[in-house]
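Participant: One structure coming up, written as structure tokens, with questions to follow.
Residue numbers (my numbering): 149 to 245.
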């Protein structure tokens, strides 16, 4: 219960939308949200699960190097199973400064 300044009382509820694994992933991503980028482009990685996060941490640098070397902003089909499980994605954008 919350007591307002004028003495009225109100109910207060906190709700988390998501299961325990989703909350663990959100906390892990919040703490570890910036990864070094080995290339020259701007890259976005969406992660769908803790397992995807672990797998991507181990291979994302190689994927970025390869994609940039061939001018491809998305992993090629043979890399998709490695990095793009449902709920995860990798995308690059060539940025000229």
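All C-beta atoms in this analysis are idealised placements derived from N, C-alpha and C, irrespective of residue type, glycine included.
Find out if the Cβ-Cβ distance for the pair residue 189, residue 216 is shorter than 7 Å.
Facilitator: Contact flag set, yes.
Participant: Based on DSSP bridge pairs, tell me the residues matched to residue 193.
Facilitator: Residue 193 is bridged to 238.
Participant: Please tell me whether residue 221 and residue 240 are closer than 7 Å, where the distance is taken between their beta carbons.
Facilitator: A contact, by the Cβ cut-off of 7 Å.
Participant: Taking the alpha-carbon positions, what's the residue 175 to residue 218 distance?
Facilitator: Rounded to the nearest angstrom, the two C-alpha atoms are 34 Å apart.
Participant: Would DSSP call residue 157 helix, strand or coil?
Facilitator: Strand at residue 157.
Participant: Please work out which residues of its chain come closer than 8 Å, Cβ to Cβ, to residue 205, disregarding the five sequence neighbours upstream and downstream, and give them in chain order.
Facilitator: Answer for residue 205: 183, listed in chain order.
Participant: Is the CB-CB distance between residue 186 and residue 213 below 7 Å?
Facilitator: In this structure, residue 213 lies closer than 7 Å to residue 186 by Cβ.
Participant: Hey, would you say residue 152 sits closer than 7 Å to residue 173, going by beta carbons?
Facilitator: Cβ atoms of residue 152 and residue 173: not closer than 7 Å.
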